[in-house]
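Below: one structure, written as structure tokens.
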Amino acid sequence: MSAIDGHRVAVLALPGVLPLDLGIPAQAFGADSHYRVTVCADPSAGPVLSGGFTVTAPAGLEALADADTVVVPGYETPDTPPSDAVLAAIRSAHAHGARLVSICTGAFALAATGLLDGRPATTHWRDADTLQRRYPRIDVRPNLLYVDDGDILTSAGVTAGIDLCLHIIRRDFGAAAANARARALVAPPQRPGGQAQFIERFRPAARGEDLAPLRAWMLGNLAHRHSVDELAHRAHMSRRTFIRRFQQETDTSPMAWLTTARIDWARELLETTTTPVEQVARLSGLGSPAAFRAAFHRHVGTSPSDYRTTFQVQGPAAP
Numbered sequence: 178m179s180a181i182d183g184h185r186v187a188v189l190a191l192p193g194v195l196p197l198d199l200g201i202p203a204q205a206f207g208a209d210s211h212y213r214v215t216v217c218a219d220p221s222a223g224p225v226l227s228g229g230f231t232v233t234a235p236a237g238l239e240a241l242a243d244a245d246t247v248v249v250p251g252y253e254t255p256d257t258p259p260s261d262a263v264l265a266a267i268r269s270a271h272a273h274g275a276r277l278v279s280i281c282t283g284a285f286a287l288a289a290t291g292l293l294d295g296r297p298a299t300t301h302w303r304d305a306d307t308l309q310r311r312y313p314r315i316d317v318r319p320n321l322l323y324v325d326d327g328d329i330l331t332s333a334g335v336t337a338g339i340d341l342c343l344h345i346i347r348r349d350f351g352a353a354a355a356n357a358r359a360r361a362l363v364a365p366p367q368r369p370g371g372q373a374q375f376i377e378r379f380r381p382a383a384r385g386e387d388l389a390p391l392r393a394w395m396l397g398n399l400a401h402r403h404s405v406d407e408l409a410h411r412a413h414m415s416r417r418t419f420i421r422r423f424q425q426e427t428d429t430s431p432m433a434w435l436t437t438a439r440i441d442w443a444r445e446l447l448e449t450t451t452t453p454v455e456q457v458a459r460l461s462g463l464g465s466p467a468a469f470r471a472a473f474h475r476h477v478g479t480s481p482s483d484y485r486t487t488f489q490v491q492g493p494a495a496p
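Position one of the sequence shown corresponds to residue 178 (the working numbering), numbered consecutively onward.
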């Protein structure tokens, strides 16, 4: 590849490609003089339908063979693996040195090739459990905006795809090039991949109902100090039985579940009230302001104040 040729990017439009996910790499790389972008598709799959309209790709799978980077945007049917021809083309491109990138559920296509086995990866938080269940050899990182594992990079949905594209430009051509594209896209110039996805809630969903009344009581008393022994006594179980049953119903320990529930409540208070951060720490049961900030940053990847600035809807102070 010469400097005149530019870095060749093939954006693979799978059937049911998500329009925003398809547009992100085309816009991020296509208007940058460092890159040459080609949108491609498997011609044997017929017309590529996307959000009620048809995508006409100017190239077929042969574009992957010439690409320096292959981007797989998210698509609507990750339950259905791509065709054997698509998987073979992705594997061949990687074997010949192409960098692989996925946005949102595009990670499922990379996973189906086997190339993510033994590697860290992420996808949209709603689909992370499914990705892990279907491909247990992948180290799924459900809370991250994106994961850079060198020659394979994966991201969460939509805006995280922008973050990843800017990260790639920064990695390829430096901060000035990335900042210029960020200004053109009216996007933050850099959000670290280790920042958490802003998921609906951190508290895991429960499968069983035997301890549902206790969990409801815990949610209503988050500001109180709790111990495993106290919770086991309230559940009328021995400590050992209680821990085992709680793990069976939630896939986590009682205290870990309690911490994530407190984080979720703190996020709600930060989003919907003007309650001072110090009082949010007390109301959520996360301890001193310093301990609260540390726990919040550990789970959410940002500070309570920055989170409030991003998400707050003006509302009354909590009593």
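Quick reminder that beta carbons are idealized off the backbone N, C-alpha and C, glycines included.
Cβ-Cβ separation between A203 and T246: approximately 13 Å, too far for a contact (criterion under 8 Å). Secondary structure note for Y484: its alpha helix (DSSP H) is the uninterrupted segment 481-488. Looking at P390, A468, F488, V194, the one whose alpha-carbon comes closest to that of T254 is V194. In the DSSP assignment, L330 falls within the beta strand (DSSP E) that extends over 329-332. R380 counts as buried, since no fewer than 16 other beta carbons sit within 10 angstroms of its beta carbon.
Of V214, W394, I329, F473, the smallest CA-CA separation from H184 is found for V214. Put simply, the segment 289-305 touches the segment 332-339. At least three CB pairs are less than 8 Å apart.
Under the DSSP assignment, L199 falls in the alpha helix (DSSP H) whose first and last residues are 196-207.
Residue state for H184 is assigned as strand, using DSSP reduced to three classes. Between A288 and Y312, the beta carbon gap of about 4 Å places them in contact (Cβ cut-off 8 Å). Annotation: A208 to F473 spans about 38 Å, alpha carbon to alpha carbon. Of the other Cβ atoms in all chains shown, 16 or more fall within 10 Å of the Cβ of S279; this residue is therefore buried. Taking a contact as a CB-CB distance under 8 Å, the pair A262 and D294 does not count as one, their CB atoms being some 21 Å apart. Annotation: the segment 248-319 contains the following complete segments of the alpha helix (DSSP H) (minimum length 4 residues), in chain order: 261-272, 283-289, 302-311. In the three-state reduction of the DSSP assignment, D325 falls in the strand class. Checking the DSSP bridge columns, you'll see L226 partnered with T231. In this structure G283 is buried. Its beta-carbon is surrounded by 16 or more other beta-carbon atoms within 10 angstroms. Beta-carbon to beta-carbon, C217 and A187 are separated by about 5 Å, close enough to satisfy the 8 Å threshold. In the displayed model, V335 falls within coil according to three-state DSSP, outside both helix and strand.
Counting along the chain, no alpha helix (DSSP H) covers T452, and no H or E run does either.
In this structure, DSSP gives L189 an extended state, which the three-state scheme calls strand. The C-alpha of D340 is placed about 8 Å away from the C-alpha of L322.
An exposed status is given to F230, since fewer than 16 other beta-carbon atoms sit within 10 Å of its beta-carbon. Nearest to D325 by C-alpha distance, out of D316, A298, P319, is A298. Counted as a single uninterrupted DSSP element, the stretch harbouring R213 is not any alpha helix (DSSP H) but the beta strand (DSSP E) occupying residues 212-217.
For the set P481, F206, A438, the Cα lying nearest the Cα of T452 is the one of P481. Around the beta carbon of H476, a 10 Å sphere encloses 16 or more other beta carbons of the protein chains shown; the residue is thus reported as buried. Each residue's CA atom was taken as its position, placing L308 and L292 some 14 Å apart.
In the DSSP assignment, T246 forms a beta bridge with V186, R276. The criterion of a C-beta distance shorter than 9 Å is not satisfied by P259 and G223. Just measuring C-alpha positions, the residue of L396, L199, E426, F469 sitting nearest Y252 is L199. Spanning the alpha carbons of T290 and S415 requires a straight line of approximately 47 Å. As the crow flies, the alpha-carbon of G464 is around 16 Å from that of L396.
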